[in-house]
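As you go down the protein sequences, you meet chains A and B in turn.
83 is the number of the first residue of the first sequence in this note's numbering; add one for each residue after it.
-10 is the number of the first residue of the second sequence in this note's numbering; add one for each residue after it.
Data block below; observations after.
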Amino acid sequence: MTTSVLPQAATPMKRSKLRRSISDSLVVTERNLVAYLRIPDQLFFSSVQPIMFVLLFRFVFGGAIATPGMSYVNFLMAGIFVQTVLFGSVSTSVGLAEDLQKGLIERFRSLPMARSAVLFGRTTADSVRNVFVMILITLVGFAVGFRIGTSFGLYLVAFALLILFAFSFSWIFAYIGLSASNSETAQLMAFPILFPLTFASTAFVPASSMPPWLRWFAEHQPVSITVNATRALMQGGPGANTVHWVVLTLIWSAIFMAVFIPLAVWRYRRVG
Amino acid sequence: MTAAIEAEGLTKTFGSDVRALNGVSFSVEQGTVLGLLGPNGAGKTTTVRVLTTTLVPDQGWARVNGLDVVKDANKVRASIGLAGQYAAVDENLTGRENLRMVGQLFQLSRKDANRVADELLEHFGLTEAAQRPAKTYSGGMRRRLDIAAALVVRPPVLFLDEPTTGLDPNSRNSVWQIVEDLVASGTTVLLTTQYLEEADRLADNIVVVDRGAVIAEGTPAKLKSTLGETVLDLGFPDPASANSALKLFVGSWPAPPVIDGSMLELPIDSGPSQVMAALRVLDDAGMAPSSMTLREPSLDDVFLSLTGRRTELEEAQS
């Protein structure tokens, strides 16, 4: 079998720490995206769920929910977009937990690569996936009556804002994925966080219908803020308060990143 | 001779009371193979993890290629290769993509990483499978890909954590051949194994660990010679009679005899006269063995006499 000689060693490139972190992250991002393409059924089924939610709320619950100032489908789609990209962050924790379980993280940790690259590679790949799912959901929305009330430019701003918010949010899940004992647990750990945040929010119903204590939470928590920003950017209207909500969303994104990026990298260094 | 790997007084405790390493020290000369031998849970993998920088020891220090594994961790990483016992290749990537990725993470340019990947695939007989996802590979192919991934920068020091666990005899032989070729070209190898045969065949030196501590070290020949030059296996019809035969030798025989089921194993170090002496002892007691074999001692015997236990594998088989 081993008739040929071993290859000559190639010389590693001398790169600055920052260049190295970026290129390592891109290598890992590419690896994760290739994996998504190789398992198309996973991509397919992760798109089915948000589509089901669109149909469920549009045709089953929607008729019973009164929304001030806009049709329910236009109200709903902002919530669906946010919910979709947030639920997508489950794949961040499941993916990392799987890499950990299969010993890939152990190999990465023995390589002379940036300590943050495996995590940035995962969260970046999941952002790319979110772009794909967002486009798909937009098309489904159009098919069931969703219309942009402002302009295509503001829709794109909302799109970018959502990708950013989901990116920052996925760092919470990076930390969870590295802390879970296996990928099944990582998946189960997501729901106690995601369910209250997405359903006790302004995503699907106006907060005015909730009891006062819940209403306070629903009006102030970050998911509602992002939903409000998205809705304002896409539908506008009097009292949309667009700048207010967008700025608050950016602040929350910055907070998530400032806290959970260092925490997740710290966890990565000590894992196992 | 200079040491490629040095470990001094390594300790590591997991949680509050699981002491995985309890003062492990050894060194490996450049260009040699060290076999780290021990049963499951002895501390072999923990030792490898400390030496490959993925685990920081509680106490003690270690140097690889003269670099401290804690303070100069990233430089150590650039000069070692690791193939783990889980065969950590990405199942969704093809063989070529796996190797290219590792090459790029070793800071090779994409072009160089591709070239090295192709050459390694060729060298390890994986060219035909290069474009297939690794999940379609057999256990042996996967292990070869894993070892290839450890070689993308031709590291001077290679760590192989149980490289043949779970492989069929053919694949095991091809992994052994790979290790022998690497050593012939000057690579230092640290290999952990629970297979005594594997350590016997590949290792220049052996360190036996058990419960987180080194319990013996030396060349395979030296370890075996502690047991005498040969072993006399005496078979008896049942364990009870083997046991009563054992009692005749305990205390009076120069090296301690051991018993394995209905087999009594007597170390022999002074030739045929000692074999005759053994038979006279049995004859005087009115006992006769049902079978008799003279053989070279195996590392299995060494392990048994050091720990009083068979290796886990042997236990599982018997």
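Each residue gets a CB set at the ideal place from its N, CA and C atoms; glycine is no exception.
Residue i at chain A interface by Cβ criterion, 9 Å
i, result
"G201 (chain B)", "no"
"P256 (chain B)", "no"
"V220 (chain B)", "no"
"V142 (chain B)", "yes"
"N63 (chain B)", "yes"
"I69 (chain B)", "yes"
"V105 (chain B)", "yes"
"T41 (chain B)", "yes"
"N194 (chain B)", "no"
"Q306 (chain B)", "With a pLDDT of 44 at Q306 (chain B), under the threshold of 50, the modelled position of that residue is not reliable, and the figure given next carries that caveat. Chain A contact via Cβ: absent."
"L82 (chain B)", "yes"
"M90 (chain B)", "yes"
"P122 (chain B)", "yes"
"E86 (chain B)", "yes"
Residue(s) in a DSSP beta bridge with residue i
i, result
"E206 (chain B)", "B:V196"
"A139 (chain B)", "Paired residue(s): none; A139 (chain B) is not in a bridge."
"E169 (chain B)", "Answer is none; E169 (chain B) lacks a bridge partner."
"E86 (chain B)", "Answer is none; E86 (chain B) lacks a bridge partner."
"V220 (chain B)", "B:P256 and B:R284"
"P122 (chain B)", "B:T83"
"S72 (chain B)", "In the sequence on display, residue 72 (chain B) carries Ala and not Ser. A72 (chain B) is bridged to B:L149."
"L56 (chain B)", "B:V53"
Distance CB(residue i)-CB(residue j) smaller than 9 Å
i, j, result
"G201 (chain B)", "R8 (chain B)", "yes"
"V161 (chain A)", "T324 (chain A)", "What sits at residue 161 (chain A) in the sequence shown is Gly, not Val. Taking 9 Å as the Cβ cut-off, G161 (chain A) and T324 (chain A) do not qualify as a contacting pair."
"V58 (chain B)", "T41 (chain B)", "yes"
"D189 (chain B)", "P209 (chain B)", "yes"
"V287 (chain A)", "G227 (chain A)", "no"
"M252 (chain B)", "G275 (chain B)", "no"
"R120 (chain A)", "L82 (chain B)", "yes"
"I(-6) (chain B)", "L23 (chain B)", "yes"
"T296 (chain B)", "D258 (chain B)", "no"
"N63 (chain B)", "Q183 (chain B)", "no"
"E18 (chain B)", "T0 (chain B)", "no"
Assigned secondary structure, residue i (DSSP; H/G/I helix, E/B strand, else coil)
i, result
"D289 (chain B)", "helix"
"Q124 (chain A)", "helix"
"L221 (chain A)", "helix"
"E303 (chain B)", "Here the model assigns E303 (chain B) a pLDDT of 45, short of 50, so the residue's position is not dependable, and the following value carries that caveat. Three-state DSSP puts E303 (chain B) in a helix."
"P246 (chain B)", "coil"
"V226 (chain A)", "coil"
"P256 (chain B)", "strand"
"T0 (chain B)", "strand"
"D61 (chain B)", "coil"
"S16 (chain B)", "strand"
"V7 (chain B)", "strand"
"V312 (chain B)", "The structure shown does not extend to residue 312 (chain B), since chain B is modelled only from -10 to 307, so the question has no answer here."
"D150 (chain B)", "strand"
"A310 (chain B)", "Residue coverage of chain B in this structure runs from -10 to 307, which leaves residue 310 (chain B) outside it and unanswerable."
"F238 (chain B)", "helix"
"Q96 (chain B)", "coil"
"A285 (chain A)", "coil"
"T84 (chain A)", "Reliability of the predicted coordinates at T84 (chain A) is poor, the pLDDT of 47 falling under 50, and the value obtained from them is presented with this limitation in mind. DSSP places T84 (chain A) in coil when its eight states are reduced to three."
"M134 (chain A)", "helix"
Residue i at chain B interface by Cβ criterion, 9 Å
i, result
"F190 (chain A)", "yes"
"T84 (chain A)", "Confidence in T84 (chain A) is poor, its pLDDT being 47 and thus under 50, which makes the residue's placement unreliable; the coordinate value appears in the next sentence. Closer than 9 Å: yes."
"I121 (chain A)", "yes"
"L193 (chain A)", "yes"
"A92 (chain A)", "yes"
"E112 (chain A)", "yes"
"V116 (chain A)", "yes"
"A262 (chain A)", "no"
For residue i, the first and last residue of its enclosing beta strand (DSSP E)
i, result
"P150 (chain A)", "Per DSSP, P150 (chain A) belongs to no beta strand (DSSP E) and is neither H nor E."
"G49 (chain B)", "Q48 to V53"
"G235 (chain A)", "Careful: G235 (chain A) lies outside any beta strand (DSSP E), inside the alpha helix (DSSP H) at F234 to S261."
"T182 (chain B)", "T177 to T182"
N- and C-terminal bounds of the alpha helix (DSSP H) containing residue i
i, result
"F281 (chain A)", "S265 to F281"
"D101 (chain B)", "R99 to H112"
"Q165 (chain A)", "Y154 to G170"
"M339 (chain A)", "T324 to R352"
"E188 (chain A)", "L186 to R191"
"V305 (chain A)", "P304 to Q317"
Partner residues on chain D for residue i, Cβ-Cβ distance less than 9 Å
i, result
"D106 (chain A)", "Included in the structure are the protein chains A and B, with no chain D among them."
Proximity test, residue i beta-carbon vs the ligand HEM heavy atom, cut-off 8 Å
i, result
"V213 (chain A)", "The ligand content of the structure shown is nil, which means the ligand HEM is not present either."
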